[in-house]
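A.B. asks: Handing you this structure, nothing more for now.
Protein chains: 2
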Amino acid sequence: MTPQQLQEGILHGAPAVRRRAMAKAITLLESTRADHRTQGDELLTALLPHTGRAFRLGISGVPGVGKSTFIEALGLHLIAQGLKVAVLAIDPSSTVSGGSILGDKTRMEHLSVHPDAYIRPSPSSGTLGGVAEKTREAMLVCEAAGYDVVIIETVGVGQSEIAVQGMTDMFCVLQLPNAGDDLQAIKKGVMELADLVVINKADIDPHAATRAQAQITSSLRLLSMHGNPEHAHHDESLWTPKVITLSALKGEGVDGFWAAVQEFRRLQTANGRLAARRERQSLAWMWERIDAGLKQAFRQHPQVRELLPRLQQDVAAGRVAASTAARNLLAAQSGQALQATI
Amino acid sequence: MTPQQLQEGILHGAPAVRRRAMAKAITLLESTRADHRTQGDELLTALLPHTGRAFRLGISGVPGVGKSTFIEALGLHLIAQGLKVAVLAIDPSSTVSGGSILGDKTRMEHLSVHPDAYIRPSPSSGTLGGVAEKTREAMLVCEAAGYDVVIIETVGVGQSEIAVQGMTDMFCVLQLPNAGDDLQAIKKGVMELADLVVINKADIDPHAATRAQAQITSSLRLLSMHGNPEHAHHDESLWTPKVITLSALKGEGVDGFWAAVQEFRRLQTANGRLAARRERQSLAWMWERIDAGLKQAFRQHPQVRELLPRLQQDVAAGRVAASTAARNLLAAQSGQALQATI
Numbered sequence: 001m002t003p004q005q006l007q008e009g010i011l012h013g014a015p016a017v018r019r020r021a022m023a024k025a026i027t028l029l030e031s032t033r034a035d036h037r038t039q040g041d042e043l044l045t046a047l048l049p050h051t052g053r054a055f056r057l058g059i060s061g062v063p064g065v066g067k068s069t070f071i072e073a074l075g076l077h078l079i080a081q082g083l084k085v086a087v088l089a090i091d092p093s094s095t096v097s098g099g100s101i102l103g104d105k106t107r108m109e110h111l112s113v114h115p116d117a118y119i120r121p122s123p124s125s126g127t128l129g130g131v132a133e134k135t136r137e138a139m140l141v142c143e144a145a146g147y148d149v150v151i152i153e154t155v156g157v158g159q160s161e162i163a164v165q166g167m168t169d170m171f172c173v174l175q176l177p178n179a180g181d182d183l184q185a186i187k188k189g190v191m192e193l194a195d196l197v198v199i200n201k202a203d204i205d206p207h208a209a210t211r212a213q214a215q216i217t218s219s220l221r222l223l224s225m226h227g228n229p230e231h232a233h234h235d236e237s238l239w240t241p242k243v244i245t246l247s248a249l250k251g252e253g254v255d256g257f258w259a260a261v262q263e264f265r266r267l268q269t270a271n272g273r274l275a276a277r278r279e280r281q282s283l284a285w286m287w288e289r290i291d292a293g294l295k296q297a298f299r300q301h302p303q304v305r306e307l308l309p310r311l312q313q314d315v316a317a318g319r320v321a322a323s324t325a326a327r328n329l330l331a332a333q334s335g336q337a338l339q340a341t342i
Numbered sequence: 343m344t345p346q347q348l349q350e351g352i353l354h355g356a357p358a359v360r361r362r363a364m365a366k367a368i369t370l371l372e373s374t375r376a377d378h379r380t381q382g383d384e385l386l387t388a389l390l391p392h393t394g395r396a397f398r399l400g401i402s403g404v405p406g407v408g409k410s411t412f413i414e415a416l417g418l419h420l421i422a423q424g425l426k427v428a429v430l431a432i433d434p435s436s437t438v439s440g441g442s443i444l445g446d447k448t449r450m451e452h453l454s455v456h457p458d459a460y461i462r463p464s465p466s467s468g469t470l471g472g473v474a475e476k477t478r479e480a481m482l483v484c485e486a487a488g489y490d491v492v493i494i495e496t497v498g499v500g501q502s503e504i505a506v507q508g509m510t511d512m513f514c515v516l517q518l519p520n521a522g523d524d525l526q527a528i529k530k531g532v533m534e535l536a537d538l539v540v541i542n543k544a545d546i547d548p549h550a551a552t553r554a555q556a557q558i559t560s561s562l563r564l565l566s567m568h569g570n571p572e573h574a575h576h577d578e579s580l581w582t583p584k585v586i587t588l589s590a591l592k593g594e595g596v597d598g599f600w601a602a603v604q605e606f607r608r609l610q611t612a613n614g615r616l617a618a619r620r621e622r623q624s625l626a627w628m629w630e631r632i633d634a635g636l637k638q639a640f641r642q643h644p645q646v647r648e649l650l651p652r653l654q655q656d657v658a659a660g661r662v663a664a665s666t667a668a669r670n671l672l673a674a675q676s677g678q679a680l681q682a683t684i
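Chains as they are written, first to last, in the numbering used here: chain A, 1 to 342; chain B, 343 to 684.
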């Protein structure tokens, strides 16, 4: 299909045509072939005016916390309300294994076959930055295709949470009702990213869940006071990160979760923070891709490729100062004469 | 003075000549003029074989924690043992105010006038990356001049701690004996950087200091278990981050601090981690400078300067996808034709 046909299918196709066009468009956007990339950019630019109306929800949590069960329960709850739900993923391990946390659709057996749900596994190649870019673009395709909520799932390890927080309107962290976990999450800086913390599997040990809720709530309060002294006084027009408990397996508390999300969306829309966050995210995304592109062009430059191995050895061995090596490599790329000292 | 004269003065000059050559060399290295930069690189490369024998000690702590008093007490303690001590600083606020945490040498009134001490304030212009680069280069000058210990001070806020940890052999965090502070430090991720935590002003409230020591010790243990599961079992050849208490004002505990530093140095030298850390730091430094240089060249490119303002607006307003804008700007810099869609 041409970009025009894909665009037409995504925007106006009948359900089956639309779904097929979405899959083909995302595959086109994932391609690294230059001609595909040009077609992909053309398609993206055409779709862009039709994006931005969905709510972008990030969900993170370590393996075993029950993310799939939760997303399935949430997705079905939203579909029952007449909403269309897309689920995407960023799985940093997929870049190594080629596998994906969402590759096995049977993990969400009811949601995955529902006509109002669209599930796509994590892109499985490239750097985290590259994977995140493809997921962002897939999100735009889903939005243009009329999905109301785009859920972006990631595992609770590494830098992938920062990537997901950086492309969603609201970032939720799933936790187990395990008192020791809160420090782990604080350590990794994830709690600071969270707009909402969800303690799942609360039915297994309700007392532990309540204790964890209190602990994490007080940690979040401390973090927000330290991070933003001006927020120490409560301002009702601003969202304050919250902690809720639920049991996705029993379907208990999913309605409360969605109520919290809607309250977040209402507040952040009214106070302008949702729009500001998206604007900031778009610009950060642009600069992140520029940085990646500059570095790639640098590493592929013939002069740099010739000089780099020896200079890296010299720097590691302490024979050449790092800053001197950097200046000489930059000069080599820009075609200037090398300095006499090298 | 020519680079050769500076080199001669730094390596072989009598004390007064050496000190003057050091100051002039560091000023030369701080200059952004292209001819100065060429001379500076020549000098650095000549000095490099004479560097690396000093111990590089990073000291961080929020204002009021007593950093100056501590560094003065430590410096005089080391000088009494026959060592020569250099004190440098990275002060992120100096890039805004032009002032510096070490600008006022009267803060260390005995150390600053001692012939075996060399104190230099933070460079006061440019980005944090630029300031850090100049401080690294000043550190190499001090090492070539025969200083045995180079202390790099920074305030306990922002990214400057990461910069200092990234250029020193050992990173120490000063804390007040205040129980609430530990979470703040964990939050900022600083505790994870610390090889040694020092609870200063322990004389004011010894009980609070002991309590803080126990709390932070247990936090560090949790962090190290989570961060490095393979270190959960104690390995005597590896350094385990420690927490000590002292009173710099009364001079109590400074000998214990230095004993811990020497133990760290002995262990990390024997197990190879000190050398590995320096190698990693040098390569990271090189890439950090390359990144900064690539971005600067990009922003200064005429085509980019022409296109960037409008594209930034388009991206912020959601008219052009961030990745599309990035690709078009990169193409503009490399002289390729712009795509038809823009």
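Every residue gets a Cβ at the ideal spot worked out from N, C-alpha and C, and that includes glycine. Everything numeric in this text was worked out from a predicted model, so none of it was measured.
Taking buried to mean at least 16 other C-beta atoms within 10 Å of its own C-beta, is P434 of chain B buried or exposed?
C.D. replies: buried
A.B. asks: What do you reckon, are the CB atoms on V539 of chain B and V506 of chain B nearer than 8 Å?
C.D. replies: no
A.B. asks: On the three-state DSSP scale, how would you describe S516 of chain B?
C.D. replies: In the sequence under discussion, the amino acid at residue 516 of chain B is Leu, which differs from the Ser named in the question. Residue state, collapsed to three classes: strand.
A.B. asks: Taking its Cβ as the centre, do 16 or more other Cβ atoms sit within 10 Å of D736 of chain B, making it buried, or is it exposed?
C.D. replies: Nothing about residue 736 of chain B can be reported from this structure: the residues present for chain B run from 343 to 684 only.
A.B. asks: For I493 of chain B, does the three-state DSSP call read helix, strand or coil?
C.D. replies: Under the three-state reduction of DSSP, I493 of chain B is assigned to strand.
A.B. asks: Quick check on I401 of chain B: does DSSP put it in helix, strand or coil?
C.D. replies: strand
A.B. asks: Report the start-end ranges of each alpha helix (DSSP H) in the segment 640-682 of chain B that is 4 residues or longer and not cut off at the edges.
C.D. replies: 644-658, 664-675
A.B. asks: Of all the options A:Q159, A:V190, A:M139, A:T69, which has the alpha carbon lying nearest to the alpha carbon of E30 of chain A?
C.D. replies: A:M139
A.B. asks: Identify the contact partners of M286 of chain A in chain B, using a Cβ-Cβ distance below 7 Å as the criterion.
C.D. replies: From the beta-carbon of M286 of chain A, the residues of chain B found nearer than 7 Å are V657, A664, A667, A668.
A.B. asks: Within 8 Å of any Cβ in chain D, is that where the Cβ of T240 of chain A sits?
C.D. replies: The structure shown contains no chain D; its protein chains are A and B.
A.B. asks: Alpha carbon to alpha carbon, how far is W627 of chain B from A14 of chain A?
C.D. replies: 55 Å
A.B. asks: Is the Cβ of L672 of chain B closer than 8 Å to any Cβ of chain A?
C.D. replies: With a threshold of 8 Å between beta carbons, L672 of chain B makes contact with chain A.
A.B. asks: What in chain B is Cβ-close to F298 of chain A, meaning under 8 Å?
C.D. replies: I632, L636
A.B. asks: Using a C-beta to C-beta distance shorter than 9 Å, which residues of chain B count as neighbours of L48 of chain A?
C.D. replies: Residues of chain B passing the Cβ test: G660, R661, V662, A663, T666.
A.B. asks: Shorter than 8 Å from the beta carbon of L128 of chain A to some beta carbon of chain B?
C.D. replies: no
A.B. asks: Using the Cα positions of S665 of chain B and R449 of chain B, report the straight-line distance between them to the nearest angstrom.
C.D. replies: Their backbone Cα atoms lie some 50 Å apart in a straight line.
A.B. asks: Using alpha carbons as the reference points, say which of A:C142, A:G61, A:Y118, A:A259 lies closest to Q7 of chain A.
C.D. replies: Ranked by Cα distance from Q7 of chain A, the first of A:C142, A:G61, A:Y118, A:A259 is A:C142.
A.B. asks: May I ask you to list the residues that DSSP assigns as paired with V243 of chain A?
C.D. replies: A:V197
A.B. asks: Is T135 of chain A buried or exposed, if buried means 16 or more other CB atoms sit within 10 Å of its CB?
C.D. replies: buried
A.B. asks: List the residues of chain B that T351 of chain A touches, going by C-beta distances under 7 Å, in chain order.
C.D. replies: One cannot answer for residue 351 of chain A here, as it falls past the ends of chain A, which runs 1 to 342.
A.B. asks: Would you identify the three-state DSSP class for L74 of chain A, choosing helix, strand or coil?
C.D. replies: helix
A.B. asks: Is L307 of chain A closer than 8 Å to A326 of chain A when the C-beta atoms are compared?
C.D. replies: no
A.B. asks: Between L348 of chain B and chain A, is there a C-beta pair that is closer than 8 Å?
C.D. replies: False, the Cβ-Cβ gap to chain A never drops below 8 Å.
A.B. asks: Can you list the residues of chain B that S334 of chain A reaches, using a CB-CB cut of under 8 Å?
C.D. replies: A639
A.B. asks: Report the three-state DSSP secondary structure of E594 of chain B (helix, strand or coil).
C.D. replies: strand
A.B. asks: What does the alpha-carbon distance come out to for the pair K426 of chain B and T611 of chain B?
C.D. replies: Rounded to the nearest angstrom, the two C-alpha atoms are 21 Å apart.
A.B. asks: Look up A544 of chain B in the DSSP assignment and say whether it is helix, strand or coil.
C.D. replies: coil
A.B. asks: Can you give me the C-alpha to C-alpha distance between I319 of chain A and A486 of chain B, rounded to a whole angstrom?
C.D. replies: Residue identity check: residue 319 of chain A is Arg in the sequence provided, not Ile. R319 of chain A and A486 of chain B: Cα-Cα distance of roughly 14 Å.
A.B. asks: Relative to the C-alpha of I504 of chain B, which candidate in B:V491, B:V473, B:D490 has its C-alpha closest?
C.D. replies: B:V473
A.B. asks: Name the two residues that bound the continuous beta strand (DSSP E) containing A363 of chain B.
C.D. replies: Where A363 of chain B is concerned, there is no enclosing beta strand (DSSP E), although the alpha helix (DSSP H) it sits in stretches over 357-372.
A.B. asks: At least one CB of chain B closer than 8 Å to the CB of L140 of chain A: is that the case?
C.D. replies: Judged by the 8 Å Cβ criterion, L140 of chain A is in contact with chain B.
A.B. asks: Output yes or no for whether 8 Å exceeds the beta carbon distance between E252 of chain A and D195 of chain A.
C.D. replies: no
A.B. asks: Please report the Cβ distance between A431 of chain B and T496 of chain B, rounded to the nearest whole angstrom; I am assuming they are in contact, meaning their Cβ atoms lie under 8 Å.
C.D. replies: The pair is a contact, with the Cβ atoms about 7 Å apart (cut-off 8 Å).
A.B. asks: Do A16 of chain A and L43 of chain A come within 8 Å of each other at the CB atom, strictly closer than that value?
C.D. replies: no
A.B. asks: So, does the CB of L625 of chain B fall closer than 8 Å to a CB anywhere in chain A?
C.D. replies: Under the Cβ criterion of 8 Å, L625 of chain B is counted among the residues facing chain A.
A.B. asks: Counting contacts by CB-CB distance shorter than 8 Å, is Q268 of chain A in contact with chain B?
C.D. replies: Output row for Q268 of chain A: interface = no.
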